[in-house]
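Number of protein chains: 2
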Amino acid sequence: MTRVYNFSAGPACLPEWVLKKAQEEMLDAHGSGMSVMEMSHRSSEFQEILDTCKARLRRLMNIPDDYEILFCQGGGTMQFSMVPLNLLKHSADIINTGQWTKKAIMEHKKLGKTQVIASSAEDNFTHIPKIKQEDLTPDSDYVYICENNTIYGTKYKELPPHEGKLLVADLSSCILSERTDVSKYDLIFAGAQKNMGPAGVTVVIIKKDLIGHAKENIPSLLDYKTYADNDSMYNTPPCYAIYMVGLVLQWLEEEIGGLEEMEKLTRKRASLLYDYIDQSKLYSNPVAKEDRSYTNIPFVTGDAELDKKFVKEANEAGLVNLKGHRTVGGMRASLYNAMPMEGVYALIDFMKKFEKENLA
Amino acid sequence: MTRVYNFSAGPACLPEWVLKKAQEEMLDAHGSGMSVMEMSHRSSEFQEILDTCKARLRRLMNIPDDYEILFCQGGGTMQFSMVPLNLLKHSADIINTGQWTKKAIMEHKKLGKTQVIASSAEDNFTHIPKIKQEDLTPDSDYVYICENNTIYGTKYKELPPHEGKLLVADLSSCILSERTDVSKYDLIFAGAQKNMGPAGVTVVIIKKDLIGHAKENIPSLLDYKTYADNDSMYNTPPCYAIYMVGLVLQWLEEEIGGLEEMEKLTRKRASLLYDYIDQSKLYSNPVAKEDRSYTNIPFVTGDAELDKKFVKEANEAGLVNLKGHRTVGGMRASLYNAMPMEGVYALIDFMKKFEKENLA
Chain E
71 MTRVYNFSAG PACLPEWVLK KAQEEMLDAH GSGMSVMEMS HRSSEFQEIL DTCKARLRRL
131 MNIPDDYEIL FCQGGGTMQF SMVPLNLLKH SADIINTGQW TKKAIMEHKK LGKTQVIASS
191 AEDNFTHIPK IKQEDLTPDS DYVYICENNT IYGTKYKELP PHEGKLLVAD LSSCILSERT
251 DVSKYDLIFA GAQKNMGPAG VTVVIIKKDL IGHAKENIPS LLDYKTYADN DSMYNTPPCY
311 AIYMVGLVLQ WLEEEIGGLE EMEKLTRKRA SLLYDYIDQS KLYSNPVAKE DRSYTNIPFV
371 TGDAELDKKF VKEANEAGLV NLKGHRTVGG MRASLYNAMP MEGVYALIDF MKKFEKENLA
Chain A
71 MTRVYNFSAG PACLPEWVLK KAQEEMLDAH GSGMSVMEMS HRSSEFQEIL DTCKARLRRL
131 MNIPDDYEIL FCQGGGTMQF SMVPLNLLKH SADIINTGQW TKKAIMEHKK LGKTQVIASS
191 AEDNFTHIPK IKQEDLTPDS DYVYICENNT IYGTKYKELP PHEGKLLVAD LSSCILSERT
251 DVSKYDLIFA GAQKNMGPAG VTVVIIKKDL IGHAKENIPS LLDYKTYADN DSMYNTPPCY
311 AIYMVGLVLQ WLEEEIGGLE EMEKLTRKRA SLLYDYIDQS KLYSNPVAKE DRSYTNIPFV
371 TGDAELDKKF VKEANEAGLV NLKGHRTVGG MRASLYNAMP MEGVYALIDF MKKFEKENLA
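Protein sequences, first through last, are from chains E and A. Its first residue numbered 71, the first sequence is counted upward by one per residue in this note's numbering. Its first residue numbered 71, the second sequence is counted upward by one per residue in this note's numbering.
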């Protein structure tokens with residue numbers, strides 16, 4: 071077996087510790103004589119897995135008691151609809167920072183009044199637009215942001231003003247990579263497949279008093295109350311994905327030592343790569359320095375053919391999934407929690423070698 | 071490692087062959103140097119997994135070319151809403167055969183005109199109501215059935231008349247247990263977690279000409295067209311669950327030899343248990359003989375305390391999840407594809423021993 075360094079933007083690399091544990095338990099989990107995939111979701115064994123997963127997430131992120139943790143399906147995309155179905159009474163203010171807010175805007179517009187109050191579209195999303203309180207729409211219910219933009223490599227370092235409004239944030243590609251003050255948000259959601267586990271489960275962290283006010287006559291599975299009232303098991307949940315998230319959280323608590331430690335690793339991984347890129351004569355990163363993501367780092371050589379050669383040769387060297395998103399081109403390195411520091415060093419070593427060989 | 075015989079109604083037992091394969095490939099699937107959970111859904115490796123899975127299902131079920139195969143999330147419950155959002159123009163005719171049609175009726179009623187055209191509720195769902203063509207509502211778009219009723223242990227042996235209407239069927243607990251003439255249906259759906267794989271993915275088999283007629287301004291993920299136009303990858307699909315379904319289908323093709331062979335095994339498992347129950351002086355099955363399920367077999371001793379003792383002692387003997395659903399009581403043995411014949415023999419042996427020890 072040769073494991074590669076996998077820089078995929080998501081689904082993404084998982085800690086080997088987690089995969090080995092899942093492998094060990096595949097045919098007999100916790101002495102049950104069965105795989106977690108075979109457990110009834112109504113069994114005490116699975117209830118224990120769910121409870122432990124929720125408790126670990128609450129501890130790790132220091133989630134206050136007045137917030138509920140829900141496990142949904144349908145990824146971030148389903149949240150683009152569930153958020154307005156549950157929270158939009160008058161209108162929504164959205165800040166457009168790329169593909170994932172564009173899709174959120176599209177789904178919002180089907181369901182209620184929606185304003186794009188700021189956008190960095192004209193700059194190809196290379197920065198986070200700064201807004202002031204007076205930019206908000208008087209009757210809007212909430213301000214909606216995508217905190218880390220996977221494709222464009224930007225991240226909010228400070229939350230936008232939102233006095234008198236709720237704050238809703240898509241944290242899919244930065245959740246658990248650093249400490250988060252949950253109390254500053256009203257609703258956080260994140261698809262698991264970047265920093266929490268496999269695709270197929272979405273974590274929603276929502277203030278309890280926002281639950282129970284959904285539009286009438288919507289499908290039960292689009293109402294947060296259905297999840298809150300049934301411990302996320304109104305119907306069969308994606309049990310194995312929840313189990314995997316639980317293992318990732320266990321790894322974060324027991325092997326890494328929590329989010330303060332992970333934050334140091336996240337910052338170190340990003341600094342190493344940005345520092346190298348910034349002094350390089352071949353590579354550049356187009357993002358405004360103050361808005362740079364810690365987890366998704368796009369870079370280009372300025373020559374599309376050379377970019378292609380880079381991706382191909384990196385792949386042959388066991389550094390895979392470095393191709394940038396088609397809307398941006400070039401390369402992108404996603405440095406999520408499970409990327410070992412050795413992977414970052416290996417990438418930089420390869421980049422140096424490639425620069426030497428290809429700099430005219 | 072001691073594996074148990076797991077009679078759970080779902081999530082349910084999986085073939086050991088499948089679990090062992092998944093275990094082997096956990097850290098390095100198909101020489102990719104990564105787990106399937108770590109693969110980008112846009113990678114050629116994952117596309118191959120998805121394509122192979124679809125092709126196997128098409129071969130195994132002999133699905134005609136004018137039907138599309140879609141992979142959705144949200145289980146059967148999400149289909150209770152997606153079906154009316156996509157197919158209900160005037161009204162829907164539903165036959166009520168238990169818990170899962172009751173929930174389908176509830177979701178339908180939020181979204182459109184819905185008639186319960188027959189029901190076996192007054193007989194505690196111990197049979198399948200027989201309807202005639204004239205029982206259908208003149209303006210209804212489709213007849214909706216749950217073909218196998220997991221909780222009550224009933225199954226349609228013949229499809230209801232539906233001339234001039236579409237036929238929509240929930241096959242969650244009988245799909246792949248026998249041959250199915252797909253051409254007799256217009257839409258089939260099934261949550262994977264009973265006979266196809268783990269929870270977290272739902273297979274929809276739909277006539278192509280029914281796609282593209284959904285209500286306006288619904289969430290993209292509730293429109294079948296979104297899945298059909300994007301090969302079920304408009305957003306990140308539940309990749310690992312799809313991979314596991316693919317392994318189960320591989321097992322069915324290569325190890326079992328297809329659905330004709332599986333049908334023989336299904337019938338044999340059921341006959342063995344029904345024959346024993348019917349001649350027993352302790353146990354009885356309440357279902358009308360012609361409507362008995364081949365996959366879910368409820369039985370009682372007639373004494374709630376004795377039932378409890380049975381479940382407890384069976385559990386100690388490694389025969390687990392035999393407790394009946396709370397709405398029916400007693401016991402239930404789910405005999406899905408992955409239940410080895412030895413499991414059925416072990417159950418009957420245990421039942422004989424228990425009968426001998428407890429028959430007054």
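Note that CB positions come from ideal geometry on N, CA and C, so glycine has one too.
Between which two residues does the beta strand (DSSP E) holding residue i run?
i	result
residue 185(E)	183 to 189
residue 336(E)	Where residue 336(E) is concerned, there is no enclosing beta strand (DSSP E), although the alpha helix (DSSP H) it sits in stretches over 329 to 349.
residue 260(E)	257 to 261
residue 401(A)	401 to 404
residue 166(A)	161 to 166
residue 138(E)	137 to 142
residue 368(E)	366 to 369
residue 272(E)	272 to 277
residue 239(A)	236 to 240
Sort the options by Cα distance to residue i and report the nearest one.
i	options	result
residue 322(E)	342(E), 131(E) and 373(E)	131(E)
residue 266(A)	73(A), 145(A) and 412(A)	145(A)
residue 421(A)	395(A), 411(A), 389(A) and 407(A)	389(A)
residue 299(A)	281(A), 217(A) and 286(A)	281(A)
residue 273(E)	128(E), 381(E) and 75(E)	128(E)
residue 398(A)	121(A), 381(A), 369(A) and 412(A)	369(A)
residue 163(E)	396(E), 296(E), 206(E) and 121(E)	206(E)
residue 377(A)	386(A), 401(A) and 238(A)	401(A)
residue 143(E)	359(E), 263(E) and 395(E)	263(E)
residue 111(E)	329(E), 304(E) and 202(E)	304(E)
Taking the CB atoms as reference points, tell me whether residue i and residue j lie closer together than 8 Å.
i	j	result
residue 184(E)	residue 161(E)	yes
residue 84(A)	residue 107(E)	yes
residue 141(A)	residue 307(A)	yes
residue 198(E)	residue 224(E)	yes
residue 252(E)	residue 134(E)	yes
residue 314(E)	residue 92(E)	yes
residue 230(E)	residue 165(E)	yes
residue 316(A)	residue 122(A)	yes
Under 8 Å Cβ-Cβ, which residues of chain E neighbour residue i?
i	result
residue 105(A)	84 and 89
residue 76(A)	103, 104 and 108
residue 391(A)	110 and 113
residue 196(A)	What residue 196(A) touches in chain E: nothing, since even the nearest Cβ is about 23 Å away.
Looking only at its chain, what residues have a beta carbon closer than 8 Å to the beta carbon of residue i, apart from the 5 residues adjacent to it on each side?
i	result
residue 340(A)	362, 363, 364, 365, 367 and 405
residue 147(A)	173 and 177
residue 437(E)	Outside the displayed span of chain E (71 to 430) sits residue 437(E), for which this structure offers no information.
residue 235(A)	163, 206, 210, 211, 212 and 213
residue 189(A)	165, 166, 167 and 199
Going along chain E, which residues have a C-beta under 7 Å from residue i?
i	result
residue 93(A)	93, 96 and 97
residue 401(A)	Chain E residues near residue 401(A): none, gap ~14 Å exceeds 7 Å.
residue 144(A)	143, 144 and 291
residue 382(A)	Correct list: empty, because the minimum Cβ distance to chain E is about 14 Å.
Using a Cβ cut-off of 9 Å, pull out every chain E residue sitting near residue i, in sequence order please.
i	result
residue 309(A)	81, 263, 268, 269 and 270
residue 72(A)	98, 101 and 103
residue 131(A)	Per Cβ cutoff of 9 Å: no residues; residue 131(A) is ~22 Å from chain E at best.
residue 303(A)	Within chain E, no residue comes near residue 303(A); the closest Cβ sits about 10 Å away, beyond 9 Å.
residue 151(A)	288, 289, 290, 291 and 292
Leaving out five residues before and five after residue i in sequence, what residues of the same chain have Cβ atoms less than 6 Å from its Cβ?
i	result
residue 168(A)	195, 219, 221 and 222
residue 77(A)	391, 392, 403 and 404
residue 216(E)	167, 170, 171 and 240
residue 226(E)	198 and 217
Can you pull the chain B neighbours of residue i, defined as C-beta to C-beta under 8 Å?
i	result
residue 111(E)	In the displayed structure, chain B is absent; the protein chains listed are E and A.
What span of residues does the alpha helix (DSSP H) with residue i cover, start to end?
i	result
residue 295(E)	294 to 299
residue 153(A)	145 to 157
residue 418(E)	411 to 428
In chain A, which residues lie with their C-beta within 8 Å of the C-beta of residue i?
i	result
residue 210(E)	Result: empty, since nearest Cβ-Cβ is about 20 Å, beyond 8 Å.
residue 177(E)	289 and 290
residue 421(E)	By Cβ distance, chain A contributes nothing, its closest Cβ being about 20 Å from residue 421(E), past 8 Å.
Can you give me the Cβ contacts of residue i inside the same chain, cut-off strictly under 7 Å, excluding the 5 residues immediately before and after it?
i	result
residue 310(A)	106 and 107
residue 326(A)	332
Can you list the residues of chain A that residue i reaches, using a CB-CB cut of under 9 Å?
i	result
residue 180(E)	286, 287, 288, 289 and 290
residue 388(E)	103
residue 314(E)	107 and 310
Nearer than 7 Å: is that true of the beta carbon of residue i relative to any heavy atom of the ligand FMN?
i	result
residue 318(A)	This structure lacks the ligand FMN; in fact it carries no ligand of any kind.
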